[in-house]
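Colleague: Chains as they are written, first to last, in numbering that gives the first Met the number 0: chain P, 0 to 164; chain D, 0 to 761; chain L, 0 to 304. Where is the CB? At the ideal position from N, CA and C, for every residue including glycine. Note that this is a predicted model, so its numbers are computed, not measured.
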Amino acid sequence: MSKQAIQAVVNGEPVTFLAAPTQTLLDALRDELGLTGTKEGCGSGDCGACSVRVDGRLVCSCLVLAPEAAGCRVETVEGLARNGALHPVQQQFLEHAALQCGFCTPGFLVATKDLLDRNPNPTESEIRFALAGNLCRCTGYDKIVRAVQATAAQLRGETAALGAP
Amino acid sequence: MNDRSNLESVALKVVGSRPVRPDGADKVTGRANFGADLRLPGMLTGLVKRSPHAHARILGVDTAAARALPGVKAVVTAADFPDLEAIATQLGETATTLRDIGCNTMARDKALYVGHAVAAVAAISPEIAQEALALINVRYEVLPHVIEVEAAMAADAPVLHDTLFTKGVTPAPTRASNVAQVHKLSRGDVAAAFADPTQAEVVVQARYVTAPVHQGYIEPHACVASAGADGQHQVWVSTQGHFTVRTLCAQLLDIPISDVRVSAAEIGGGFGGKTTVYLEPLALALSRQAGRPVRMVMTRAEVFEATGPTAGAVMEVKLAARRDGTITAADVVLKFQAGAYAGAPVNQAGMCCLAAYDIPNVRVTGYDVVSNRPKATAYRAPGSPIGSFATESAIDELAQQLGMDPLELRLKNIAQVGSQSVYGMTFRDIAFADTLKAIQAHPHWTSPLPPNTGRGIACGYWFNYGGESSGAVYIAEDGGATVVSGNPDIGGSRASMAMMAAETLGLPIERVRAIVGDTASIGYSFVTGGSRVTFATGMAVVEAAKKVVQDLKRRAALQWDCDVAKVEWIDGAAHCTDPALDRQPLTLQAIAAKSAATGGPIGAESSVNAAGYSPGFAAHVCDIHVDPDTGCSTVVRYTAAQDVGRAIHPSYVEGQIQGGVAQGVGWALNEEYVYDTQGVMQNPGFLDYRMPVASDLPMIEALLVETAPNQRHPFGVKGVGEAPIVPPLPAVAAAVSRVVGARMRELPLSPPRVMEALLSRS
Amino acid sequence: MSTTAVTYQAPVSLPELFSLLAPAPGADPPRLLAGGSDLIVQTRAGRIKPGPIVDLKRVPDLVGISRDGPGWRIRAATPCAVIGEHAELRAEWPGVVEAATLIGSKQVQGRGSLGGNLCNASPAADSVPALIAAGATVVVGSAGPGGAVGLRELPVEAVAVAPGRTCLARGEVVLALRLPERGPRAADAYLRLIPRTEMDIAVAGCGVSLQLDVQGVIVAARVALGAVAPTALLVPAAADALIGSALDTTALGKLEAAARAACRPIDDKRSTAKYRIHVAGVLARRAATEAYQRALRRSAQEQRS
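Written as C-alpha cells, this is what we have:
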C-alpha cells in the first residue's frame, strides 16, 4: 500500500506527514509525527484514550483515517500547554489527583477542554455524560469530575489560577 | 522497625499532606512514555498467531512461507524455546509453575484456549507482519472443550492436561482430571457445631455464582525487546514488576538473569494483570533471531482473549448462628476456574472470605479447576472478592433471617486485636470495628432511602504483603534528593516515596524527586501489587534515607570536630547538642556542598524483605436504585470506609478506594465473559465488555480510618490498594436483593437477571 | 493480500462521487466512508475486506441541515453532534435529535451520521426507530445519464432488509434524510434500554410520534421498535392502540401489548429475547408518555402564539 503526503495543522503548527489510505489519524500522530501523548486503548472508538479535536470537533482518532485530516486543524494533548505553562485543566487534574496511571488522562484533558469550550458551567451530571466516552479504570471518576468542576470555575474567573499569589 | 516516635510524638510535615505528584507534569502533557511509546532505530513489528480453537492438539506449525515473505525478519514457535521442568515460581499473588507460564506464552503440544499463542513473527511493517501470520499454516486436531467450572469437574469432562493429577487429596488419584488441587482450611469442629442445636439455632445455606471478569486496564500490553550481538538483552515494557519480567524471560529463554536488563515504562493500569509475561519472551526470541529491536503491542481483543482474567466460580456457603447473632460455624466450598493452567486464586479466597470474623468453627474447601479459557492472573485482591461475595452475602441473608441490622451483626462477630484469623495470623494494630463504626456514624447510614432503592453493606479483607524491595537515596551537590526504587508506579507511589524520604530527611517535598530504576540500577524488588509498595518499598526508602541522615550527621561532626553523638538531625539540618561548642546548624544543602571533602558522594541503598505488614479491611455501604419495570440498577450513593493505618498521601489513598469501588461495581452489575458454543469469547472489546463509565457512578466518599497505625512501619502504613474491590460485590448484591425482595446470588446483576427476579416475585 | 488496491479518495461533488462508484471490472466495490465508526471498526475486525475507500464528507451536498419546504433535509453525512446542536430541529423533532445524539459517545457523535447509522443496517441502530416514527424518508442518488444524478425516495423503514443489508443497489448512495411537516400539536420521543447509562448498543429501542387534536386526543401516531427484530419495525397495531385515546391506562396497556406482540428478537451477547420483549412494552409506554407530554406543551405554546 503506497503512502501519500498529507498536510495539516497540528497544535497550531503546519505539518506534512506520510500516511497509507487505511492508516488511522491515531497511528499517524503517534508513528509519523512522534506525538505519542494520544493513546490507543481499544482501536474501536469505545474508550476515548485516543481523543483529539479535528476542526474543533471532538473525535476518536482511531476512527479517523489519516488522509481525512488533510487540510484540517488537529488538536492533541501536546497542544494544551503553552510555552511550557500548563493549561488550567492540566493543573487542576494534578491538583485534584485526578489521575493515577495517567493512560486515559490525555483523552480526558482534550475531552474536558472541548466540554468547557461549549459549556462553561456544566452540572455534575452534564460533566459525567459528556465524558462517558472516556474510560478510566483507576480513579472511579470522582476526582476527575472534581477537577473538571474546578477547571470550569477557574476559567469562569470564579477562582484564582493555581499558584497565583 | 519498631520506631514509634514518628507515629506519636513528632508532628509530620510532609506525610499526610497532598502535594502534586512529582511525576505528574509528564502525564498531563503526553510526555510520559508508556510501553507502546518507545521508538528505536531499526525496530520491527512483532505479531502473534493465535489458536482459533478452544481445545486442540497442535499437529504441526509450518512457517516456511512466512519466513520467505520479503520483509519478515524472524519467526518463532515453541521449537525456539526450551522445554522446562516444572519449577514452582511465586508470581505476584498467584502460585504457578515456570513450565505453565512458558506454555502459556507459546503453546507446545496443545492449544488450550481461543487466543493461545502458537507462533510469532517480526517484520518491517505491521502490514507485512499481518501477511506473514496468514502464511503460517497450523494443523490442529480439534478436541472437545469445556469452560464452566462444574462441567470441567465432571467425570466425563474433556481433560486438558493428561499429567494433571489432583493435589491435596489422599489417596492421590491415578486418573488425570481438570481439578489441579484441593485446598483445605479448617479450625474447630464444623460438623459438631452444625449438629448442636444451641450453636445452630439458625442456619443459612445457599449457592453463589460469579462470572469471570478482566482487570480492564486501558493500556494494552506493550514492550520493546532488543537483543545485542554480545548476548546482552534489553527489554522496555509496561509492567508491574520489571524484575519479574527479567527473571521469567531469562528462565524461559534459558539465559543468565544478569544478561537481561529490563526498564519499566510508565504503566497504564495493571491491577495484577501485568505481573506476568506474555509478549516479552516472544519479543526477545524474535529480536535474537532478527538482530534488531522488536516491538509488540496487543490489540484490545488480544488482551481479553489471551491475557489472564480472574476466575469464575460456583460456591456454597453454610452458616450456623445463635439467635443473638453470634456466628458459630461456617462451611464454605469454593470451585474456581483457573483457565488453561492451574493457579486460580481459590486458596487466597478461602483464607480471606471469613478472616475478619471471630468464628470458632470454620471449614473451607477450595477447588482449583482448569478449563479452556485463558490462564487466570491476579486481579486486585485475587480471590477475595469472589469468595467474599459468597460469605458476605450469606451473612446478609443471616441478618435478614435474624431480623438483625447487618452492620450490628458484623460488629458482633468482628475480629479484635489479639484474635487469630482462620489462616493463623494473629491480629495486631487492627481497626476493623472502628471501620464499621465509621460507616455507622456516617449520615449515609441513616439517610432516608428514595423509592425503589435498596441499601447494602458489606466488608472486605485482604492480607496485603510485604516482601522484597530495594530503595536508594542520593543527594546532589546542591542538596536536592533523588529517591530510586525498583517498583513501577501504578498509583502514585513515586509521590509517596518522595514524601517519606522528604519527611525523614527534613526536606520540603519540592526538593525530592523519585524515579523508578531499571533492573541494572537498583536492587531487586518484587512486583508492584499486593498492596505492598507504600509499605515495603517505603520501608526500604526510609531505611536508605535514615542511613543518609546518619552519614550527614557524621559529616557535620567532622566539620564541627566533635563526636557524632552530639549531633541531632532536625528539620533538614544538623544541630549540635552541646551548647558549649556553640556551632551553627548545618543544613543538608551546606553539608552537600562540601561532600567531596567529607567522604565523597552522599547516598545510601537499602534492601528489605519486609515483614510486619498489616491486612487491609474495608466496610462499604451503597444505595442502589432498581427500575422496577426494567431491572436496571443505578448506584445512587456510595460510602467506603477503610482501615488504612496512616495515609501518606490522602488523595492517592482515596483514589485507590474509589478505583477499587468502581471495579467492584462493574463486577457486580455488568461485567462478564460471554462465550459461544465453540468457546470463543463474544465480547472481547469495551463495547460489550461493560465497564462503568463516568455517568454510571456518583461521587464515592472515602473515609480513611487511621485509629490504628501499623506499629511495624516507620509511618504506620497499611497497604490500601486491594481491600476496596472486595465489599462492592456483596454490598451491591445486598442492596439489590433488598429492594427487589429476592436474594440475588448470581453475578453480574445484569438487567435481564434482575428483571427475572422481579417478575418471579410478583 | 487483497488484490484490489486500497486507495483513499475524497470527491468534492456528486458527479465526481458517482464516477468513482461506477463499476470497474474485476475490482471490489468501493467502501463508502462517512463517520467511520462502522467502516473502520469492521475493517480492523476483519469483517470487511480492505478496499478502495471513498470519503463522502467533502461533497457539500452530503453535509448540512436545512429546511425543505415545511420539513427538513438532513444531509446524509452530517455528524450527529451537528444535528444535536441544531436548536430549531431539536425543538420540532426532539425524538429524532435525541436518538441521533444517543449513539455512542460525544467522540462518536463528532463523526457518526444518520446515513451511516441507517446503511450499516444494524437491527439496534438508535436513529432508525425515531426516523421511522417520524415518517422520515431517504433520498437515494445514483449515476444518471449524462452526468446527472438520478434520484429516488423511499420510506426509512424500507431501507434495511436484513442485519447488515440494505435494499440499495450497487452505485446508490443515500444523499439525505427528509423529515415531513411536523404539523400542529405534535411531538415525538425516542427511548432505548441499555444496561449502563451510556455507550452500549441498544438492547431495545422505541420511537413514538403523535399528533393531538385540540382536546388532547391522539389523532395520528407512529410507533417503531428497534433491536427486537432483524430490522427496525414500524408497528401499526401499536399506533392503532393509541389513536382516539388521550393516552389513558387502557390505551397504554394495549400499546404495551401490541409492541410486545410485534417483537421477534433473539438471545445474543447483549441480552435475552424474553427481556427484549418485556422491555419493548415498557419503552413504548414511556416513549408514548413523553411524546404526549411534549405534544401537549407544544399545543399550549401554539395556542399562546
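1) For a contact defined as C-beta to C-beta under 9 angstroms, what are the partners of Cys197/L on chain D?
2) Can you look up Arg245/D in the DSSP assignment and give me helix, strand or coil?
3) List the DSSP bridge partners of Asp187/L.
4) For Ser420/D, name the three-state secondary structure that DSSP assigns.
5) Starting from Lys183/D, follow the beta strand (DSSP E) in both directions and report where the run begins and ends.
6) Who are the near neighbours of Gln655/D in its chain, counting only those whose CB is closer than 7 angstroms to its CB and skipping five residues on each side?
7) Work out the CA separation of Asp99/D and Val178/D for me, nearest whole Å.
8) Should Asn608/D go down as buried or exposed, given a rule of 16 or more other Cβ atoms within 10 Å for buried?
9) Can you pull the chain D neighbours of Val278/L, defined as C-beta to C-beta under 7 angstroms?
10) If we ignore side chains and look at the alpha-carbon of each, how far apart do Val244/D and Thr274/D end up?
11) By the 7 angstroms beta-carbon criterion, what residues does the stretch 649–680 of chain D contribute toward chain L?
12) Between the alpha carbons of Glu279/D and His115/D, how many angstroms are there, rounded?
13) Using only alpha-carbon positions, find the residue among Ala210/D, Lys317/D, Pro81/D that is nearest to Ala192/D.
14) Please report the distance separating the alpha-carbon of Gly156/P from that of Ser650/D.
15) Run down chain L in chain order and give the residues with a C-beta less than 7 angstroms from the C-beta of Met754/D.
16) Going by Cα to Cα distance, which pick from Ala264/D, Ala128/D, Gly29/D, Asp253/D is closest to Pro487/D?
17) If we cut at 8 angstroms on Cβ distances, does Ala48/P have a partner in chain L?
18) Which residues, in chain order, does the stretch 94–105 of chain P contribute to contact with chain D at a C-beta distance below 8 angstroms?
19) Using 8 angstroms as the limit for Cβ to Cβ distance, is Phe128/P near chain L?
20) Cβ of Ala68/P less than 8 angstroms from any chain L Cβ?
21) Reducing DSSP to helix, strand and coil, say where Val660/D ends up.
22) Where do the ends of the beta strand (DSSP E) carrying Asp82/D lie?
23) Measure the alpha-carbon distance for Asp26/P versus Val332/D and round it to whole angstroms.
24) For the candidate residues Cys59/P, Val9/P, Lys112/P, Arg29/P, whose alpha-carbon lies nearest to that of Arg110/L?
25) So for Lys546/D, helix, strand or coil by DSSP?
26) Just the C-alpha distance for Arg263/L and Val160/L, rounded to the nearest angstrom, thanks.
27) Is DSSP giving Tyr277/D helix, strand or coil here?
28) Nearest by alpha-carbon distance to Pro405/D: which of Ala693/D, Ser370/D, Pro373/D, His619/D is it?
29) Give the range of the alpha helix (DSSP H) segment to which Val735/D is assigned.
30) Pull up the distance between the alpha-carbon of Val75/D and that of Leu285/D, whole angstroms please.
31) Leu551/D and Leu506/D look like a contact to me (Cβ under 8 angstroms); what is the Cβ gap, rounded to whole Å?
32) Comparing alpha-carbon positions, which option in Gly163/L, Val139/L, Gly146/L lies nearest Ala124/L?
33) For Met314/D, which of helix, strand or coil comes out of DSSP?
34) To the nearest angstrom, report how far apart Asp113/P and Ile200/L are at their CA atoms.
35) Tell me, to the nearest whole angstrom, how far the beta carbon of Ala64/D is from that of Leu134/D; I am working on the premise that it is less than 8 angstroms.
36) Which residues in the same chain as Pro578/D place their Cβ atom closer than 7 angstroms to its Cβ, once the five residues preceding and following it in sequence are excluded?
Modeller: Here's the rundown:
1) According to the sequence provided, residue 197/L is Glu. The question's Cys does not apply to it. By Cβ distance, chain D contributes Val692, Ala693, Ser694, Asp695.
2) helix
3) Ser208/L
4) coil
5) 178–186
6) Gly490, Val719, Gly720, Pro723
7) 15 angstroms
8) exposed
9) Thr629
10) 8 angstroms
11) Asn669, Val673
12) 15 angstroms
13) Lys317/D
14) 25 angstroms
15) Tyr274, His277
16) Ala264/D
17) no
18) Glu94, His95, Ala96, Leu98, Gln99, Cys100, Gly101, Phe102, Cys103, Thr104, Pro105
19) yes
20) no
21) helix
22) It is not in any beta strand (DSSP E) - Asp82/D carries neither H nor E in the DSSP assignment.
23) 49 angstroms
24) Cys59/P
25) helix
26) 15 angstroms
27) coil
28) His619/D
29) 727–739
30) 7 angstroms
31) At roughly 11 angstroms, the Cβ-Cβ gap does not stay under 8 angstroms, so Leu551/D and Leu506/D are not in contact.
32) Gly163/L
33) strand
34) 24 angstroms
35) 4 angstroms
36) none
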